[in-house]
Structure formats: C-alpha cells, structure tokens
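Which chain is which? The protein sequence lines are S and V, in order. Those letters in the first sequence? Residues 5 to 114, by my numbering. Those letters in the second sequence? Residues 188 to 299, by my numbering. Using N, Cα and C, we set each Cβ at its ideal position, and we do this for glycine too. As the structure is a prediction and not an experimental result, all values here were calculated from the model. One structure below.
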Amino acid sequence: GENVEQHPSTLSVQEGDSAVIKCTYSDSASNYFPWYKQELGKRPQLIIDIRSNVGEKKDQRIAVTLNKTAKHFSLHITETQPEDSAVYFCAASYGQNFVFGPGTRLSVLP
Amino acid sequence: DVKVTQSSRYLVKRTGEKVFLECVQDMDHENMFWYRQDPGLGLRLIYFSYDVKMKEKGDIPEGYSVSREKKERFSLILESASTNQTSMYLCASSYRVGTEAFFGQGTRLTVV
C-alpha cells in the first residue's frame, strides 16, 4: 500500500524566514496531494493541494512543488508569521482514501 | 460551507463498554472516513465508506466497526473499549476520490 514519509517532524523558524516541509510517497498511482494545517485544539484544514499533472502551485505565501519521478512533494511557506505556527500534514491519495504523513510541528518565533 | 459534525467533543468510557461515535456531514458527500490521531503517528485510517452500507477497512480496523445506514451519517463503534483506544478520533468526508477532505472537530476519547 501507500506509505507517506514527512520531514522534519519539528521545525522552528524566525518570523519572516521561510519554512520548507518535505514528503515522499511510494505509490506511483497517487495523483492528488493535499496539505492540511492543524492549529492547536482545532480540526485539520486544507491549505493547498496539487494534482499529478501540475509541477507547482502557489497561493500567496504558500507554494507546493511536486516531483513525480522522485515521488516527493514539498510545502514552502515564505515570510512566516506567528499564526503559521501549527502542525502540518501532507497526504497522498490512495484508491478511495488518503494516506497522511506523520506531521510537522512548525513554530514561528517572534 | 461544508459542515462535518461529531456528536461529542470529549468522552470518558470504562474498559469493556460499547462506544458509539457519530459523525454527520451536510454536503451530500460520497466518501466518509474515520481517523485516529496520536502524537507522532499522524492520522491513521480506521475505516472508510464510499457509499451507503459500503465500508472498507483502513490501516487499523482491529477493535472497531462502522455503520453507514444513511449517506450523511457515519458511525464508529468500539465493540469493547480498551485503554489502548484512548485517542483523538477524527471524522472526515469528501465529495469523491481526489477531492478535499473536510474534517469534524474531533472526539477525544478516554478509556479508563
């Protein structure tokens, strides 16, 4: 089955710096890759997603890149702000469902 | 806005009890999911359903069962609760394969 790895597990950056989180997947049939943000005590919410026919997608300070050949995709957050502090999960579609990575706890230090 | 609502935010149950966790979505989504969230392990799929009365096992189905009698409702059942089932349980739904999953607010279950 599908396996999704995510690194790093924790990440601390200074406010204004960039943050990068990387994920790898194992099943070449996966074709949809969402990223979720979960703030403390809240539900995970989609922040950006990418499909396998696209190499990069950007939404304001957030971007996602996908390398199908290498089976990895990354989340890039620029000009980080304290409200970006949360746990971020990557996921890959697998059949009718999703497989999630273990999460990255991002802390943005003021 | 899509709403996925879980019946309880917090539950405390005794070992051996039968526990029902309910989830309702209001957007006519085909797919519904139950995940378990534990620190460092991310979101692990327990069961999912892609249609009424249809269910598929996820990665960790042991000790759990599900029921989907109506499209909008997906129930997770712990047949005989054990302390190792103490966890955060998240329900989610999506319109179809390869579309955004919307999550409920979670149920934090403690089994004592």
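Which listed residue (the options) has its alpha carbon closest to that of residue i
i	options	result
Glu19 of chain S	S:Lys41, S:His76, S:Thr69, S:Thr82	S:Thr82
Tyr98 of chain S	V:Glu243, V:Thr273, V:Ser267	V:Glu243
Tyr40 of chain S	S:Glu6, S:Val68, S:Ser32	S:Val68
Arg255 of chain V	V:Leu228, V:Ser280, V:Asp246, V:Thr294	V:Ser280
Ser267 of chain V	V:Val298, V:Pro226, V:Arg196	V:Val298
Ile52 of chain S	S:Gly5, S:Val8, S:Cys94	S:Cys94
Phe289 of chain V	S:Lys46, S:Ser30, S:Val24	S:Lys46
His80 of chain S	S:His11, S:Ala23, S:Gly5, S:Asn7	S:Ala23
Cβ neighbours of residue i in the same chain (closer than 7 Å, five flanking residues each side left out)
i	result
Ser248 of chain V	With the sequence shown as reference, residue 248 of chain V is identified as Pro, and Ser is not the correct amino acid for it. Once the five neighbours on either side are set aside, the close Cβ partners of Pro248 of chain V are Ile233, Tyr234.
Chain-order list of residues whose beta-carbon lies under 6 Å from that of residue i (same chain, five-residue window excluded)
i	result
Ser111 of chain S	Ser16, Ser89
Val91 of chain S	Gln42, Gly107, Arg109
Gln224 of chain V	Leu230, Met275, Leu277
Met241 of chain V	none
Val308 of chain V	Any property of residue 308 of chain V remains undetermined from this structure, which presents chain V solely from 188 to 299.
Glu60 of chain S	Thr69
Chain V contact residues for residue i, given Cβ-Cβ distances below 7 Å
i	result
Leu50 of chain S	Glu287
Interface partners of residue i on chain S, CB under 7 Å
i	result
Gln292 of chain V	Arg47
Cβ neighbours of residue i in the same chain (closer than 8 Å, five flanking residues each side left out)
i	result
Ser119 of chain S	Nothing can be reported for residue 119 of chain S: it is not among the residues displayed for chain S, which extend from 5 to 114.
Pro48 of chain S	Tyr40, Lys41, Gln42, Phe93
Ser13 of chain S	Pro106, Gly107, Thr108, Arg109
Chain S contact residues for residue i, given Cβ-Cβ distances below 9 Å
i	result
Glu243 of chain V	Gly99, Gln100, Asn101
Val284 of chain V	Tyr36, Ser97, Gly99, Gln100, Asn101
Scan the region 77 to 111 of chain S for residues whose Cβ lies nearer than 7 Å to a Cβ of chain V and list them as they occur along the chain.
Listed in sequence order: Phe93, Ser97, Gln100, Asn101, Phe102, Phe104, Gly105, Pro106, Gly107.
Kindly provide the ranges of any beta strand (DSSP E) runs that are 3 or more residues long and lie completely inside the region 5 to 85 of chain S, ordered along the chain.
Within the region 5 to 85 of chain S, the beta strand (DSSP E) runs of at least 3 residues that lie entirely inside it are, in chain order, 8 to 11, 14 to 18, 23 to 29, 36 to 42, 49 to 55, 60 to 63, 66 to 71, 76 to 81.
Looking at chain V, which residues of the region 9 to 39 of chain S have a Cβ within less than 9 Å of any of its Cβ atoms?
Within the region 9 to 39 of chain S, the qualifying residues are Gln10, Ser13, Asn35, Tyr36, Pro38.
Members of the region 219 to 241 of chain V that neighbour chain S once the beta carbon cut-off is set at 7 Å
Residues passing the 7 Å Cβ filter: Phe220, Gly227, Leu228, Gly229, Leu230, Leu232, Phe235, Tyr237.
The region 53 to 72 of chain S: which residues have C-beta closer than 8 Å to a C-beta of chain V, in chain order?
Those residues of the region 53 to 72 of chain S that come within reach of chain V (Cβ to Cβ, closer than 8 Å) are Asp53, Arg55.
Could I get the ranges of all uninterrupted beta strand (DSSP E) runs contained in the region 241 to 277 of chain V, with 3 residues as the minimum, in chain order?
For the region 241 to 277 of chain V, the continuous beta strand (DSSP E) assignments of 3+ residues that do not extend past its boundaries occur at 251 to 257, 260 to 265, in sequence order.
Closer than 9 Å, Cβ to any Cβ of chain S: which residues of the region 192 to 207 of chain V, in chain order?
Here the close residues number zero.
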